[in-house]
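Visitor: Have a look at this one.
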Amino acid sequence: MNSKSSQVSSARNIAITGVIAALYVVATVALPFASYGPVQLRFSEAFNHLAVFNKRYILAITVGVFIANIWSPYGIVDMIVGTLQTFLMLSISYILAKRVKSVITRLAISTVVDSLMMWIIAAELYYMAKVPFWATYAWTALGEFVALIIGAIIVYIISRTINLEK
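Each residue of the sequence shown is one higher than the last, beginning at 831 in the working numbering.
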């Protein structure tokens with residue numbers, strides 16, 4: 831690859847990363863009552879499915895979570911814990927789905943991994959909000975699962991016309 835096409839590719843990756851991060855932030859902050867706390871349905875989590883197509887989305891969504899959590903009532907703790915949890919679960923999803931050809935299976939992997947990984951957020955809320963761990967885990971995992979099922983349908987439809995791996 832020559833220098834000019836490398837620069838275009840790099841600029842394209844930066845632009846895509848910025849757009850996805852911004853969309854995640856807007857989708858989270860626009861619905862704060864549903865995005866933070868022991869019972870949440872963070873619709874922006876639908877973006878998590880992008881990570882099984884291209885590792886660039888891991889960074890994009892992780893940055894989006896960090897910025898969105900600036901508005902969290904749990905402050906810097908949520909910025910750190912939520913961001914690290916996102917990076918970890920997206921990385922696991924990416925690794926597990928890397929060699930999977932079926933888009934539906936990739937989306938299923940993402941849905942299961944991300945829903946199960948909500949124990950980290952439940953633990954954060956257990957310490958920060960003094961809420962019961964298991965009930966919080968159940969509610970946050972359920973909210974994650976619902977957002978991811980909705981997201982899987984949307985991402986599947988988009989993936990049929992747009993190559994998300996590029």
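Glycine included, C-beta positions come from ideal geometry on N, C-alpha and C.
Tell me which residues share the same chain as Met-948 and place their Cβ nearer than 7 Å to its Cβ, disregarding the 5 neighbours each side in the sequence.
Guide: Here residue 948 is taken as the residue at index 118 of the sequence shown, counted from 1. The residues are Tyr-967, Thr-970, Ala-971, Glu-974.
Visitor: Let me make sure I understand the geometry here. Which of Ile-979, Ala-959, Ile-984 has the alpha-carbon closest to that of Val-869?
Guide: The residue labelled residue 869 in the question sits at position 39 within the sequence shown. Comparing Cα-Cα distances from Val-869 to each of Ile-979, Ala-959, Ile-984, the minimum goes to Ala-959.
Visitor: If we require 3 or more residues per run, which beta strand (DSSP E) segments fall completely within the segment 854-941?
Guide: Runs found: none.
Visitor: Can you tell me which of Pro-862, Gly-894, Phe-883 puts its alpha carbon nearest to the alpha carbon of Tyr-924?
Guide: As a working mapping, residue 924 is identified with position 94 in the sequence shown. Tyr-924 has its Cα closest to that of Phe-883, out of Pro-862, Gly-894, Phe-883.
Visitor: Taking DSSP as the reference, what is the three-state secondary structure of Thr-970?
Guide: Walking along the sequence shown from the start, residue 970 turns up at place 140. The answer is helix: DSSP assigns Thr-970 an H, G or I state.
Visitor: Any idea if Val-856 is buried or exposed, counting beta-carbon neighbours within 10 angstroms, 16 or more meaning buried?
Guide: Walking along the sequence shown from the start, residue 856 turns up at place 26. Classification of Val-856: exposed, given that the 10 Å Cβ count is below 16.
Visitor: Given a cut-off of 8 Å, decide if Ala-953 and Phe-873 are closer than it, judged by their beta-carbon atoms.
Guide: Position 43 of the sequence shown holds residue 873. Position 123 of the sequence shown holds residue 953. No, the pair does not count as a contact, with Cβ atoms beyond the cut-off.
Visitor: Can you list, in chain order, the residues of its chain with a C-beta nearer than 6 Å to that of Gly-981? Leave out the 5 residues immediately preceding and following it.
Guide: By 1-based counting over the sequence shown, the position of residue 981 is 151. Contacts found: Ala-876, His-879.
Visitor: Among the residues of its own chain, which have a CB less than 8 Å from the CB of Arg-886, if the five just before and after it don't count?
Guide: Along the sequence shown, one-based indexing puts residue 886 at 56. If we look at Arg-886 and ignore the five residues flanking it on each side, its Cβ neighbours are Asn-843, Ile-846, Thr-847.
Visitor: Less than 7 Å separating the Cβ of Ala-864 from some heavy atom of the ligand NAP?
Guide: Of ligands this structure carries none, so the ligand NAP is not represented either.
Visitor: What first and last residue would you give for the alpha helix (DSSP H) that runs through Ile-951?
Guide: Position 121 of the sequence shown holds residue 951. Residues 949-958.
Visitor: Quick one: Cα of Phe-896 to Cα of Ser-932, how far?
Guide: The sequence position of residue 896 within the sequence shown is 66, counting from 1. The sequence position of residue 932 within the sequence shown is 102, counting from 1. Distance between the alpha carbons of Phe-896 and Ser-932 is about 30 Å.
Visitor: Under a three-way DSSP split, which group does Val-943 fall into?
Guide: As a first step, residue 943 is located in the sequence shown; it is residue number 113 there, counting from the start. Note: Val-943 maps to helix in three-state DSSP.
Visitor: Can you list, in chain order, the residues of its chain with a C-beta nearer than 8 Å to that of Thr-935? Leave out the 5 residues immediately preceding and following it.
Guide: To locate residue 935, count along the sequence shown from 1; it is residue 105. Taken in chain order, the residues that qualify are Ala-927.
Visitor: Could you tell me how far apart the beta carbons of Ser-865 and Ile-888 are, in whole angstroms, since I believe they sit closer than 8 Å?
Guide: Numbered from 1 along the sequence shown, position 35 holds the residue referred to as residue 865. Numbered from 1 along the sequence shown, position 58 holds the residue referred to as residue 888. Actually they are not in contact, since the Cβ atoms of Ser-865 and Ile-888 sit about 20 Å apart, beyond 8 Å.
Visitor: Let me know the secondary structure DSSP gives Asn-843 once reduced to three states.
Guide: Stepping through the sequence shown from its first residue, residue 843 is reached at position 13. Of the three classes helix, strand and coil, the one that applies to Asn-843 here is helix, per DSSP.
Visitor: Compute the Euclidean distance between the alpha carbons of Ser-989 and Val-893, then round it to the nearest angstrom.
Guide: Within the sequence shown, numbered from 1, the residue matching residue 989 stands at position 159. Within the sequence shown, numbered from 1, the residue matching residue 893 stands at position 63. Cα-Cα distance, rounded: 23 Å.
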